[in-house]
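Presented below is the structure to which this report refers.
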Amino acid sequence: MNFIAFDFETANFQKHSACSIALVMVQNNQIVGHYYTLIKPETDFHWKNIQIHGIKPEDVRDAPTFPEVWAELSHYFLENRLIVAHNAAFDCSVLKACLDYYNLSQPHYMSLCTVQTSKKLYPQFENHKLNTVCQNLGLALEQHHHALDDSLACANILVKQAETFGIEPLKALVKYR
Numbered sequence: 029m030n031f032i033a034f035d036f037e038t039a040n041f042q043k044h045s046a047c048s049i050a051l052v053m054v055q056n057n058q059i060v061g062h063y064y065t066l067i068k069p070e071t072d073f074h075w076k077n078i079q080i081h082g083i084k085p086e087d088v089r090d091a092p093t094f095p096e097v098w099a100e101l102s103h104y105f106l107e108n109r110l111i112v113a114h115n116a117a118f119d120c121s122v123l124k125a126c127l128d129y130y131n132l133s134q135p136h137y138m139s140l141c142t143v144q145t146s147k148k149l150y151p152q153f154e155n156h157k158l159n160t161v162c163q164n165l166g167l168a169l170e171q172h173h174h175a176l177d178d179s180l181a182c183a184n185i186l187v188k189q190a191e192t193f194g195i196e197p198l199k200a201l202v203k204y205r
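Residue numbers (the numbering used here): 29 to 205.
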């Protein structure tokens with residue numbers, strides 16, 4: 029499989045408050061590259077979000093803004109490119125909200141959610157949270173809620189699913205955005 033796994037962390041409960049993003053590039057079921065950056069959101073941080081991911085306002089003081097980051101990343105979100113996330117509804121909505129907030133055009137791409145693929149392929153798991161799926165599959169998840177570690181875990185989940193079950197059961201869950 030060829031795809032990009034990605035993950036956002038947000039500063040607060042507003043979808044346009046991205047404070048970090050990571051992408052993991054996969055070609056022929058092999059991780060071939062990754063990208064990670066902090067993002068300086070134009071909004072305040074909420075203590076609950078800081079508690080979850082550990083990113084504080086001082087960490088992003090000199091970080092690029094979302095439009096600067098998007099200038100580097102937009103070419104990854106091409107039409108017909110498969111973009112994967114664990115809880116893709118959240119990450120895709122953060123992307124959409126950030127693009128809307130900065131009046132940037134929306135890309136069209138295919139998305140796949142490893143929460144959904146895990147629910148379909150592993151109904152016996154007690155839940156389908158990223159850390160639970162990784163633990164059950166014997167996959168590493170170094171620092172949960174760090175965008176790069178979460179993206180790597182997501183990529184490894186999908187590769188393992190494709191190798192175990194083939195791509196046919198995954199195709200039915202692809203969405204076009």
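All residues carry an ideal CB built from backbone N, CA and C; glycine is no exception.
Per DSSP, which residues does residue i bridge with? Please list them.
i: Q55; result: Q58
i: F31; result: V54
i: I111; result: I32 and S139
i: T38; result: A46
i: K203; result: S139
If we call anything under 8 Å between Cβ atoms a contact, is residue i one with residue j?
i: A46; j: H62; result: no
i: Q134; j: L127; result: yes
i: I195; j: S146; result: no
i: Q144; j: L106; result: no
i: A175; j: E86; result: no
i: Y129; j: H44; result: yes
i: M138; j: N115; result: no
i: L132; j: F31; result: no
i: S48; j: I78; result: no
i: E208; j: N57; result: The chain is shown only over 29 to 205; residue 208 falls outside these bounds and no answer can be derived.
i: H103; j: H173; result: no
Using 8 Å for Cβ pairs, my map puts residue i next to residue j. What's the rounded Cβ distance?
i: V112; j: I67; result: That pair is no contact at about 20 Å.
i: V88; j: A183; result: Contact doesn't hold; Cβ gap of about 25 Å is too wide.
i: D177; j: D119; result: Not confirmed; about 14 Å, so no contact.
i: L158; j: L169; result: 7 Å
i: V20; j: L180; result: The structure shown does not extend to residue 20, since the chain is modelled only from 29 to 205, so the question has no answer here.
For the stretch 132 to 178, list the beta strand (DSSP E) runs that are entirely contained and at least 3 residues long, ordered along the chain.
-> 138 to 141
What are the start and end residues of each continuous beta strand (DSSP E) run of 3 or more residues lying completely inside the stretch 58 to 85, in chain order?
-> 58 to 66
So, do the stretch 150 to 165 and the stretch 68 to 81 have three or more beta carbon pairs nearer to each other than 8 Å?
-> Too few Cβ pairs lie closer than 8 Å, so no.
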